[in-house]
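Colleague: Each protein sequence line maps, in turn, to chains L and V.
So the first sequence is residues 1 to 201, counted in my numbering.
So the second sequence is residues 1 to 646, counted in my numbering.
Heads up, the beta-carbon is just placed ideally off N, CA and C, and yes, glycines get one too.
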Amino acid sequence: MIDILLAGVGGQGTVLAAKLLASAAASKGWKVRTAETIGMAQRGGSVTSHVRMGCQGEAVFAPLLTPGTADLIVAFEPAEAARALPYLAPDGLLVTASSALQPVTAALSAQPYTAIAVLDDVRAALASQAPEAAFLVVEEAPILEKVGASRALNVVLLASALAQGRVPISIEELKEAVSACVKPRFVAMNLEAIDLACVSE
Amino acid sequence: MAQRLLMGNEAFAHGALEAGVRVVAGYPGTPSSELIETVAKLHGEGSAHGVHVEWSTNEKAALEVAAGASMAGARVLFTCKQVGLNVASDALLSLAYVGARGGCVLFVADDPGPISSQTEQDTRRFAAFAKVPVLDPSTPEEGFAMMKEAFELSERYGTPVIVRPTTRICHASTFFDVAEETHARPAPAEGFEKDPRWVIFPKRSFEAHGEINERLPRIASDPTFTRFTVVEEVPGEGERPTVAIVACGVSAAYGREALAALQRRAAEEGMELPPYRFIAVGSPYPFPADLMEQELEGIERVIVFEELDPVVEEELLKLAGARHLPYAVLGKLTGDAPDRGENASDVIRECLLRFFATESPDLASWAAALQPETLRFEGPLPVRPPVLCAGCPHRGSFYAVKRALKELSKQAERAGEPAVQAVLCGDIGCYTLGNAAPLDAVDTCLCMGAGITMAQGLAVVEPQKKHVAFVGDSTFFASALTGIANAVYNGHDVTFAILDNATTAMTGSQPHPGTGLTLMGERRAPIVIEGVLEALGVERIRIVDPLDTDASIEAARDCLAFAGPAAIIFRSPCIQIVAPEEPLSIDPVTCTGCKRCITQIGCPAIGFDGTVAFIDASLCVGCGLCVPVCPFGVIGAVGDGKGESA
Ligand code: SF4
Ligand code: SF4
Chain L
1 MIDILLAGVG
11 GQGTVLAAKL
21 LASAAASKGW
31 KVRTAETIGM
41 AQRGGSVTSH
51 VRMGCQGEAV
61 FAPLLTPGTA
71 DLIVAFEPAE
81 AARALPYLAP
91 DGLLVTASSA
101 LQPVTAALSA
111 QPYTAIAVLD
121 DVRAALASQA
131 PEAAFLVVEE
141 APILEKVGAS
151 RALNVVLLAS
161 ALAQGRVPIS
171 IEELKEAVSA
181 CVKPRFVAMN
191 LEAIDLACVS
201 E
Chain V
1 MAQRLLMGNE
11 AFAHGALEAG
21 VRVVAGYPGT
31 PSSELIETVA
41 KLHGEGSAHG
51 VHVEWSTNEK
61 AALEVAAGAS
71 MAGARVLFTC
81 KQVGLNVASD
91 ALLSLAYVGA
101 RGGCVLFVAD
111 DPGPISSQTE
121 QDTRRFAAFA
131 KVPVLDPSTP
141 EEGFAMMKEA
151 FELSERYGTP
161 VIVRPTTRIC
171 HASTFFDVAE
181 ETHARPAPAE
191 GFEKDPRWVI
201 FPKRSFEAHG
211 EINERLPRIA
221 SDPTFTRFTV
231 VEEVPGEGER
241 PTVAIVACGV
251 SAAYGREALA
261 ALQRRAAEEG
271 MELPPYRFIA
281 VGSPYPFPAD
291 LMEQELEGIE
301 RVIVFEELDP
311 VVEEELLKLA
321 GARHLPYAVL
331 GKLTGDAPDR
341 GENASDVIRE
351 CLLRFFATES
361 PDLASWAAAL
371 QPETLRFEGP
381 LPVRPPVLCA
391 GCPHRGSFYA
401 VKRALKELSK
411 QAERAGEPAV
421 QAVLCGDIGC
431 YTLGNAAPLD
441 AVDTCLCMGA
451 GITMAQGLAV
461 VEPQKKHVAF
471 VGDSTFFASA
481 LTGIANAVYN
491 GHDVTFAILD
501 NATTAMTGSQ
511 PHPGTGLTLM
521 GERRAPIVIE
531 GVLEALGVER
541 IRIVDPLDTD
551 ASIEAARDCL
561 AFAGPAAIIF
571 RSPCIQIVAP
581 EEPLSIDPVT
591 CTGCKRCITQ
601 IGCPAIGFDG
611 TVAFIDASLC
621 VGCGLCVPVC
631 PFGVIGAVGD
641 GKGESA
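1) What separation, rounded to the nearest whole angstrom, lies between the Cα atoms of Cys389 (chain V) and Pro546 (chain V)?
2) Quick one, which of V:Lys332, V:Glu120, V:Ser474 and V:Thr166 has its alpha-carbon nearest Ala502 (chain V)'s?
3) Among V:Pro112, V:Thr599, V:Val87 and V:Pro382, whose alpha-carbon lies nearest the alpha-carbon of Leu63 (chain V)?
4) Exposed or buried, what is Val1 (chain V) when buried is set at 16 or more other beta-carbons lying within 10 Å of its beta-carbon?
5) What residues are listed by DSSP as bridge partners for Ser49 (chain L)?
6) Could you give the distance in angstroms between the alpha-carbon of Cys487 (chain V) and the alpha-carbon of Asp493 (chain V)?
7) Taking 8 Å as the threshold (beta carbon to beta carbon), is Pro546 (chain V) in contact with chain L?
8) I'd like to know if Ala646 (chain V) contacts chain L, where contact means its C-beta is closer than 8 Å to some C-beta of that chain.
9) What is the DSSP secondary structure of Asp71 (chain L), reduced to helix, strand or coil?
10) Ordered along the chain, which non-local residues of its own chain (more than five positions away) have a Cβ less than 8 Å from that of Leu85 (chain V)?
11) 8 Å is my cut-off, CB to CB: does Gly643 (chain V) come that close to chain L?
12) Under 7 Å: does the beta carbon of Pro513 (chain V) sit that close to some heavy atom of ligand 1?
13) Among L:Asn154, L:Lys19 and L:Val137, whose alpha-carbon lies nearest the alpha-carbon of Leu5 (chain V)?
14) Assuming contact is defined by CB atoms lying nearer than 8 Å, are Arg384 (chain V) and Val9 (chain L) in contact in what I supplied?
15) Grab the span of the beta strand (DSSP E) containing Cys630 (chain V) for me, first residue to last.
16) The beta strand (DSSP E) that contains Val648 (chain V), what's its start and end?
17) Distance, Cα to Cα, Leu85 (chain L) vs Arg376 (chain V)?
18) Examine ligand 2 and report whether any of its heavy atoms sits within less than 7 Å of the Cβ of Gln576 (chain V).
19) When we look at the beta-carbon of His512 (chain V) and count the other beta-carbons within 10 Å, is it buried (16 or more) or exposed?
20) At a cut-off of 7 Å, would you count Val621 (chain V) as near ligand 4, judging by its Cβ distance to the nearest heavy atom?
21) For the alpha helix (DSSP H) that contains Phe398 (chain V), what are its first and last residues?
22) So that I know if they touch, is there some Cβ in chain V lying closer than 8 Å to that of Ile38 (chain L)?
23) Within the same chain, show all residues whose beta-carbon is closer than 7 Å to that of Thr57 (chain V), passing over the 5 residues directly before and after it, in chain order.
24) Please decide whether Val95 (chain L) counts as near chain V, where near means a Cβ-Cβ distance under 8 Å.
25) How about Leu101 (chain L): is its Cβ closer than 7 Å to a heavy atom in ligand 1?
26) Would you please verify whether the beta carbon of Glu522 (chain V) is less than 8 Å from any beta carbon of chain L?
27) Buried or exposed: Ala220 (chain V), going by 16 or more other Cβ atoms within 10 Å of its Cβ?
28) Look up Ile219 (chain V) in the DSSP assignment and say whether it is helix, strand or coil.
29) Would you identify the three-state DSSP class for Ser645 (chain V), choosing helix, strand or coil?
30) Could you tell me how far apart the beta carbons of Gly236 (chain V) and Glu269 (chain V) are, in whole angstroms, since I believe they sit closer than 8 Å?
31) So does the stretch 131-150 of chain V actually touch the stretch 273-290 of chain V, counting three or more Cβ pairs closer than 8 Å?
32) Based on the DSSP output, what are the partners of Leu88 (chain L) in its beta bridges?
33) For a test of the three-state rule: what should DSSP assign to Leu35 (chain V), helix, strand or coil?
34) For Gly13 (chain L), I'd like the list of residues in its chain whose CB is within less than 7 Å of its CB, leaving aside the five on either flank, ordered along the chain.
35) Just to check my reading of the structure: Arg542 (chain V) and Ala555 (chain V) have Cβ atoms closer than 8 Å, yes? What is that Cβ distance to the nearest angstrom?
36) Relative to the alpha-carbon of Glu232 (chain V), which residue among V:Ser509, V:Val246, V:Arg277 and V:Val83 has its alpha-carbon at the smallest distance?
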């Protein structure tokens with residue numbers, strides 16, 4: 001069983017990312033379940049997508065994964081990486097974007113929220129509680145600027161995560177999923193973003 | 001047949017179409033909306049033949065459309081979210097008596113948590129109250145099968161049938177084999193047949209009540225219904241189980257997951273769980289009492305996992321009492337399962353550990369020693385509640401009304417009068433999010449359309465205050481019209497702020513009567529909100545663009561000052577349905593860091609770096625609302641000399 005959690009902010013594209021993973025897994029003949037946050041939270045709130053893959057033909061019962069079991073967490077934003085931490089398996093991989101999205105609550109408060117501080121705290125938490133876990137901070141901004149579309153964030157993060165080789169889905173399989181699931185006029189841009197993400201790894 | 005990755009709601013649409021549904025009507029509401037959208041999409045693509053699909057004005061209208069079509073012999077499907085059934089309940093309670101002819105299925109999605117709803121009400125309870133059968137899927141696949149079976153059951157017994165999934169079933173995706181094309185079942189050639197039974201009338205109701213009382217026990221033991229209650233036995237060494245785990249809906253999936261995890265863990269550590277029987281109840285009402293009595297033979301302790309109300313738990317207690325069965329029932333009522341909110345595999349696992357621990361001292365010490373292995377994050381984290389989108393026109397409407405109230409207040413104070421106080425009644429939709437800081441513009445929110453009428457009650461008791469009711473355009477048509485007529489008729493001094501963004505935004509941009517677009521692809525003349533208000537007798541009506549701050553404040557002042565019901569229509573499209581403009585920026589050199597732009601309107605595209613405010617170009621849609629808010633004029637287009645980024 002491979003359990004993946006996608007954590008982000010409503011509107012960042014976690015839903016499509018889950019679909020890409022599901023489609024890649026299905027093309028390998030695996031059983032898949034995904035679950036989405038749809039509703040109020042999509043308006044800029046914290047959202048998660050759960051992807052569960054029965055990679056050895058085993059049945060997948062529940063749509064949601066359990067804390068402490070995620071083989072991979074892909075966080076679209078540093079604070080969401082921190083929020084998702086309880087889901088990570090002790091030997092899991094946590095991949096996160098490096099740019100913060102400041103919630104209005106943080107802009108209003110006296111204490112500004114910075115990505116660097118939260119990422120440092122995540123790193124420290126992992127070092128002390130899960131020395132076998134892996135942590136990757138993706139520098140997504142230059143890639144997104146190059147392809148000229150902030151909506152490519154999801155494929156940039158997925159490609160960076162898969163390039164680590166911990167989840168047996170290849171970059172080629174991700175690209176096939178992109179061609180199958182993304183609107184035709186956006187396919188080339190997404191494929192370019194994947195290539196750039198792999199190069200910068 | 002084609003294999004497709006489908007969300008539960010999409011699959012249920014396919015299921016209903018494969019069952020030959022002819023008329024589909026509903027009102028949007030999370031987590032139910034995607035079903036109708038899928039039917040409309042398949043109809044639009046030309047693969048769903050012969051189906052009529054519509055967003056009705058509200059749930060009551062939808063269920064009545066469906067009831068009429070069923071009486072003409074067509075298979076019909078009604079959809080809504082749990083609280084939507086409250087609106088349709090008048091029709092439902094009578095429909096159970098009058099009965100269905102063509103298969104009549106009500107798809108009602110519950111929302112444990114709640115994640116996007118006003119209440120944690122339980123539609124299984126509602127089904128029992130209305131005396132109609134209800135099916136409760138534990139997986140999207142089971143829901144797909146239930147959708148088809150529900151039409152059969154409905155026709156066999158002449159009753160409406162409810163299929164009630166929960167959010168995690170509606171919004172979970174997996175692969176399905178679905179038909180490439182579907183054809184609606186033609187209604188019988190004889191058409192609607194006149195019959196006294198279609199007319200609800202006291203004498204007929206008494207008879208119908210008897211028919212209902214007679215058919216419910218038959219349904220409770222009909223295998224087409226009870227086949228959705230599934231029993232599994234996990235044997236120990238030759239022993240018969242004395243404990244049972246009963247789970248309903250998605251809790252059955254979590255229960256299976258939790259049990260598998262515990263079995264694995266126990267095996268690793270040389271422990272053995274006691275033998276148990278696992279019963280997934282997918283047919284909760286009418287309760288399959290005979291089947292359950294049989295399956296609980298020899299059982300001494302039962303634990304029940306279900307979300308929302310203890311429906312099955314109470315049925316088991318009733319069964320034990322009625323038939324003198326010797327089992328004890330643990331669950332919500334005894335504090336052995338969570339009393340509200342969503343269940344989850346890890347929550348059920350903890351409950352099961354406690355449940356098994358009492359079986360033997362070995363198990364008790366093993367369970368006590370098991371530590372949950374989850375990482376903790378202890379650093380500070382910003383909370384991230386949902387907010388109005390960057391550039392949402394509602395932000396301008398709330399801002400204008402608040403500014404107008406402030407100006408009226410200042411004016412009054414200058415004249416030596418007391419400051420103007422106001423109560424802002426909110427309603428259901430994206431604009432409920434106007435409650436968050438810094439807008440803080442929602443003082444009440446009850447149910448669809450309630451702000452319109454609650455403001456009137458407040459105005460009776462507190463005539464010295466201003467009373468403003470905010471209502472969206474879709475909610476306006478769904479449930480504000482009677483309230484507005486009430487204000488005119490009874491002469492209430494209130495101001496209606498109608499937020500017309502040309503869509504039903506919160507549930508994912510569905511059309512409504514004010515847009516003129518229909519799901520059948522025809523474009524009709526939109527129903528014009530100002531025309532409706534005028535016809536209802538509202539004497540002061542102003543129409544403004546909420547992104548034009550000065551005009552909006554002036555219109556709001558005018559309507560607030562008007563004695564009697566007045567309406568401001570704030571008209572500007574939802575940013576989800578229009579292309580964004582170029583983002584603006586804040587000049588970091590001249591920004592004084594006063595934070596006015598943040599504390600006044602709270603657009604999520606504006607952040608603060610500790611010294612100056614900045615605009616996140618990936619979020620800003622260039623609506624311009626923040627420009628006049630800045631007292632130093634440093635917000636502007638990139639390159640116009642104002643909002644020059646460094
Ligand atoms: S123009 Fe101002 S208020 Fe409008 S979206 Fe951009 S930052 Fe927000
Ligand atoms: S979806 Fe539309 S109505 Fe809802 S918050 Fe966003 S812009 Fe406003």
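Modeller: On the basis of the data shown:
1) As a position in the second sequence, residue 389 (chain V) is number 389, starting the count at 1. As a position in the second sequence, residue 546 (chain V) is number 546, starting the count at 1. Going by the C-alpha atoms only, they are around 15 Å apart.
2) The count along the second sequence starts at 1 and reaches residue 502 (chain V) at position 502. Residue nearest to Ala502 (chain V) within the set V:Lys332, V:Glu120, V:Ser474 and V:Thr166 is V:Ser474 (criterion: CA-CA distance).
3) By 1-based counting over the second sequence, the position of residue 63 (chain V) is 63. The shortest CA-to-CA distance from Leu63 (chain V) to any of V:Pro112, V:Thr599, V:Val87 and V:Pro382 is the one to V:Val87.
4) Looking up residue 1 (chain V) in the second sequence gives position 1. It is worth fixing the name first, because residue 1 (chain V) is Met in this sequence and not Val. So Met1 (chain V) counts as exposed.
5) Your numbering for residue 49 (chain L) matches position 49 in the first sequence. As DSSP reads the structure, Ser49 (chain L) sits in a beta bridge with L:Leu6.
6) Here residue 487 (chain V) refers to the residue found at position 487 of the second sequence. Here residue 493 (chain V) refers to the residue found at position 493 of the second sequence. Just to set this straight, residue 487 (chain V) is Ala in the shown sequence, not Cys. If you draw a straight line from the Cα of Ala487 (chain V) to the Cα of Asp493 (chain V), it comes to about 8 Å.
7) Here residue 546 (chain V) is taken as the residue at index 546 of the second sequence, counted from 1. By this cut-off, Pro546 (chain V) is not an interface position.
8) Looking up residue 646 (chain V) in the second sequence gives position 646. Because Ala646 (chain V) carries a pLDDT of 37, less than 50, the predicted location of this residue cannot be relied on, and no value is offered for it.
9) Position 71 of the first sequence holds residue 71 (chain L). Residue state, collapsed to three classes: strand.
10) What you label residue 85 (chain V) is simply residue 85 of the second sequence in a count that begins at 1. Excluding residues within five positions, the ones whose Cβ falls inside 8 Å are Glu59, Leu92, Leu106, Val108, Thr123 and Phe126.
11) The residue labelled residue 643 (chain V) in the question sits at position 643 within the second sequence. Any reading at Gly643 (chain V) must be qualified, since the residue scores a pLDDT of 46, below 50, and its modelled position is unreliable; no value is offered.
12) To locate residue 513 (chain V), count along the second sequence from 1; it is residue 513. Result no, Cβ not under 7 Å from ligand 1.
13) Position 5 of the second sequence, counting from 1, holds the residue named residue 5 (chain V). Considering only L:Asn154, L:Lys19 and L:Val137, the residue with the shortest C-alpha distance to Leu5 (chain V) is L:Lys19.
14) Mapped onto the second sequence, residue 384 (chain V) falls at position 384. Mapped onto the first sequence, residue 9 (chain L) falls at position 9. Yes, these two residues count as a Cβ contact at 8 Å.
15) On the second sequence, residue 630 (chain V) is found 630 positions in, with the first residue counted as 1. DSSP places Cys630 (chain V) in no beta strand (DSSP E); its state is neither H nor E.
16) No answer is possible for residue 648 (chain V): it lies beyond the span of chain V, which begins at 1 and ends at 646.
17) Against the first sequence, residue 85 (chain L) aligns to sequence position 85. Against the second sequence, residue 376 (chain V) aligns to sequence position 376. So the two alpha carbons sit approximately 7 Å from each other.
18) As a first step, residue 576 (chain V) must be located in the second sequence, where it is residue number 576. True, at least one ligand heavy atom lies under 7 Å from that Cβ.
19) Translated into positions along the second sequence, residue 512 (chain V) becomes position 512. His512 (chain V) should be labelled buried.
20) You won't find ligand 4 in this model; what it holds is ligand 1 and ligand 2.
21) Position 398 of the second sequence, counting from 1, holds the residue named residue 398 (chain V). Start and end: Pro393 to Arg414.
22) Locating residue 38 (chain L) in the first sequence gives position 38, where the first residue counts as 1. With 8 Å as the cut-off, Ile38 (chain L) counts as an interface residue toward chain V.
23) The count along the second sequence starts at 1 and reaches residue 57 (chain V) at position 57. These residues qualify, in order along the chain: Phe477, Ala478 and Pro513.
24) As a position in the first sequence, residue 95 (chain L) is number 95, starting the count at 1. It does not: the Cβ of Val95 (chain L) has no partner Cβ on chain V nearer than 8 Å.
25) Your numbering for residue 101 (chain L) matches position 101 in the first sequence. For ligand 1, not one heavy atom lies less than 7 Å from the Cβ of Leu101 (chain L).
26) Numbered from 1 along the second sequence, position 522 holds the residue referred to as residue 522 (chain V). Closer than 8 Å: no.
27) Taking the second sequence and counting its residues from 1, the one referred to as residue 220 (chain V) is at position 220. Flag for Ala220 (chain V) reads buried.
28) Against the second sequence, residue 219 (chain V) aligns to sequence position 219. In the structure shown, Ile219 (chain V) sits in a helix (DSSP, three-state: H, G or I).
29) Mapped onto the second sequence, residue 645 (chain V) falls at position 645. Low confidence applies to Ser645 (chain V): its pLDDT is 43, below 50, so where it sits in the model is not reliable, and the reading given next is rough at best. Ser645 (chain V): coil per DSSP, three-state reduction.
30) Looking up residue 236 (chain V) in the second sequence gives position 236. Looking up residue 269 (chain V) in the second sequence gives position 269. Between Gly236 (chain V) and Glu269 (chain V) the beta-carbon gap is near 17 Å, outside 8 Å, which marks them as no contact.
31) The stretch 131-150 of chain V vs the stretch 273-290 of chain V: in contact.
32) One-based indexing of the first sequence puts residue 88 (chain L) at position 88. Per DSSP, L:Ala70.
33) In the second sequence, the residue the question calls residue 35 (chain V) occupies position 35. Look at Leu35 (chain V) here: in three-state DSSP terms it is helix.
34) Position 13 of the first sequence, counted from the first residue, corresponds to residue 13 (chain L). These residues qualify, in order along the chain: Arg151, Leu153 and Asn154.
35) In the second sequence, the residue the question calls residue 542 (chain V) occupies position 542. In the second sequence, the residue the question calls residue 555 (chain V) occupies position 555. That belief holds up - the Cβ atoms of Arg542 (chain V) and Ala555 (chain V) are roughly 4 Å apart, short of 8 Å.
36) On the second sequence, position 232 is the one that residue 232 (chain V) refers to. Nearest option by C-alpha distance: V:Arg277.
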